[in-house]
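Participant: Residue numbers (our numbering): 95 to 424.
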């Protein structure tokens, strides 16, 4: 085979055959409508096939889990906080974003909060606080500070029970114990009734606090404090929590859910519909026009040309390409 064509293709000079070929590819893409470059049906099919292949591959699953383990180990070895591992500029952007005076929609917030597990959590919190108060009243009534409200008779009974002995003291103890037990039963019942009755009001009030525009500054301060707390976490603590979250179990749940969905023929249609919804407004425009609207033409041309040229050079320098070209020209 004449090696001249191969030598020309392997030329590194600007404007050489390979350089011009890379530019042709870029120009062709720029002139092509976005709808043709991003074929929603084709991409959806590729994604569906790729996901099914991953789900069916235990080796691929093992590779992903091993990367998670490596991340856990890397975090465990870091003697630093998360903030020390994240560039300051990124931290500043996150804090600025959290500090925006954004107030969520009250109806949407209440819709998310008014769920049975959340209601149960709030009910338990209310019950705990009410019963904690009730425990203060479970001590014998005559020794409870609340007996101060019983007037002189209560004080006299308290003093008599304290100083007397014998049968009177025993009788007083029995009476006080009976009163305390009844009081405890009443409090337990009343606490449950109160918690059930107050639950809706608590949810409504919580939604008010989270969604009141007048409290936008407080809400922003809360979000900022949460973000600051994340950056203050030790990297080793994050690694430990990642391990405790059992990535293997989470991965199995995700794989099982995806497998069930992907078995349905309409899963590809769902993916295609999502892509079409995103790109439909610009589908008829050439890529150059879309990039021009975004002010990204020059950046795209430079990056795409560099990427394509690098891949082409890697290809033409390979022995396999030389054999292919030799067979083609034979």
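Glycine residues also receive a C-beta, built at the ideal position from the N, C-alpha and C atoms. Note that the structure is a prediction, hence the values are computed from the model and not measured.
When you compare only the Cα positions, how much space is there between residue 390 and residue 207?
Facilitator: Residue numbering aside, residue 390 sits at position 296 when the chain shown is read from its first letter. Residue numbering aside, residue 207 sits at position 113 when the chain shown is read from its first letter. C-alpha separation (whole angstroms): 42 Å.
Participant: Shortest alpha-carbon distance to residue 331 belongs to which of 224, 169 and 151?
Facilitator: Position 237 of the chain shown, counted from the first residue, corresponds to residue 331. Relative to residue 331, the option among 224, 169 and 151 whose CA is nearest is 169.
Participant: Apart from the five residues just before and just after residue 108, which ones in its own chain have a Cβ nearer than 6 Å to its Cβ?
Facilitator: The residue labelled residue 108 in the question sits at position 14 within the chain shown. Cβ neighbours of residue 108 beyond the five flanking positions: none.
Participant: Could you tell me which of 123, 136 and 324 sits nearest to residue 174, measuring between CA atoms?
Facilitator: The residue you call residue 174 lines up with position 80 of the chain shown. The shortest C-alpha separation from residue 174 is found at 324.
Participant: What residues are listed by DSSP as bridge partners for residue 328?
Facilitator: One-based indexing of the chain shown puts residue 328 at position 234. In the DSSP secondary-structure assignment, residue 328 is bridged to 175.
Participant: Taking 6 Å as the limit between beta carbons, can you name the residues of its chain near residue 129, skipping five residues before and five after?
Facilitator: In the chain shown, residue 129 corresponds to position 35, counting from 1. Same-chain partners within the cutoff: 377.
Participant: In angstroms with no decimal places, state the Cα-to-Cα distance between residue 364 and residue 284.
Facilitator: Indexing the chain shown from 1 puts residue 364 at position 270. Indexing the chain shown from 1 puts residue 284 at position 190. If I take the Cα positions, the gap works out to 52 Å.
Participant: Relative to the C-alpha of residue 303, which candidate in 160, 116, 353 and 197 has its C-alpha closest?
Facilitator: Numbered from 1 along the chain shown, position 209 holds the residue referred to as residue 303. It is 197.
Participant: By how many angstroms is the C-alpha of residue 184 removed from the C-alpha of residue 305?
Facilitator: Along the chain shown, one-based indexing puts residue 305 at 211. Along the chain shown, one-based indexing puts residue 184 at 90. C-alpha of residue 305 to C-alpha of residue 184: approximately 27 Å in a straight line.
Participant: Please state if the CB of residue 416 and the CB of residue 100 are separated by a distance shorter than 8 Å.
Facilitator: Numbered from 1 along the chain shown, position 6 holds the residue referred to as residue 100. Numbered from 1 along the chain shown, position 322 holds the residue referred to as residue 416. It is a contact, given that the beta carbons lie within the stated cut-off.
Participant: Would you say the segment 311-323 touches the segment 212-220, given that touching needs at least three Cβ pairs under 8 Å?
Facilitator: Contact fails: fewer than three Cβ-Cβ distances are below 8 Å.
Participant: Assuming residue 149 and residue 352 make a contact with CB atoms under 8 Å, what is their CB distance in whole Å?
Facilitator: Translated into positions along the chain shown, residue 149 becomes position 55. Translated into positions along the chain shown, residue 352 becomes position 258. Yes, residue 149 and residue 352 are in contact; Cβ-Cβ is about 6 Å, under 8 Å.
Participant: Quick test of the definition: if touching needs 3 or more C-beta pairs under 8 Å, does the segment 344-361 touch the segment 141-159?
Facilitator: yes
Participant: Rounded to the nearest angstrom, what separates residue 224 and residue 374 at their Cα positions?
Facilitator: The residue labelled residue 224 in the question sits at position 130 within the chain shown. The residue labelled residue 374 in the question sits at position 280 within the chain shown. Taking the straight line joining both Cα atoms gives about 57 Å.
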